[in-house]
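> Below is a structure I'd like to ask you about.
Numbering (this note's numbering), first residue to last: 343 to 429.
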């Protein structure tokens, strides 16, 4: 190991290598995909709409969002964490 490289740089390199090794792609949800996902979740009863405040409530977690895209990102992460815990 090269002792001239600072500890933080070695740590960052290990983290990057670990991230690459996970094989998971980063999540990218555009507005159109977010709209479709939110509509599907509304139909499934996972999301409640609060019309007076123009908010979306994620029923299983109780979190509230102002945009479809924010809710879609949250739900995908929430679902992935739940699936991992259920294993």
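The C-beta atom is built at its ideal place from N, Cα and C for all residues, glycine as well. These numbers come from a predicted model, not from an experiment.
Checking 9 Å against the spacing of the C-beta atoms, do residue 399 and residue 391 come in under that value?
Yes, these two residues count as a Cβ contact at 9 Å.
> Tell me whether residue 399 sits in a helix, a strand or coil according to DSSP, three-state version.
The answer is strand: DSSP assigns residue 399 an E or B state.
> If you count every other CB in all the chains shown that lies within 10 Å of the CB of residue 414, and 16 or more means buried, which is it?
Residue 414 comes out buried.
> Mind checking who residue 405 pairs with in its DSSP beta bridge?
The partner list for residue 405 (beta bridge, DSSP) reads 400.
> Leaving aside the five residues before and after residue 416 along the sequence, list all residues of the same chain whose C-beta is less than 7 Å from its C-beta, in chain order.
These residues qualify, in order along the chain: 400, 405, 407.
> Please check the pair residue 369 and residue 418, which I expect to be a contact at CB under 8 Å, by giving their CB distance rounded to whole angstroms.
Between residue 418 and residue 369 the Cβ distance is about 6 Å, and since that is below 8 Å, they are a contact.
> Distance check for residue 349 and residue 360, CA to CA, integer angstroms please.
If you take the alpha carbons of residue 360 and residue 349, they lie about 16 Å apart.
> Could you check how far apart the C-beta atoms of residue 380 and residue 371 are, in whole angstroms? I think they sit under 8 Å.
About 10 Å separates the two Cβ atoms, so there is no contact after all.
> Indicate the three-state DSSP secondary structure (helix, strand or coil) for residue 378 in the structure shown.
If DSSP states are grouped into helix, strand and coil, residue 378 belongs with the helices.
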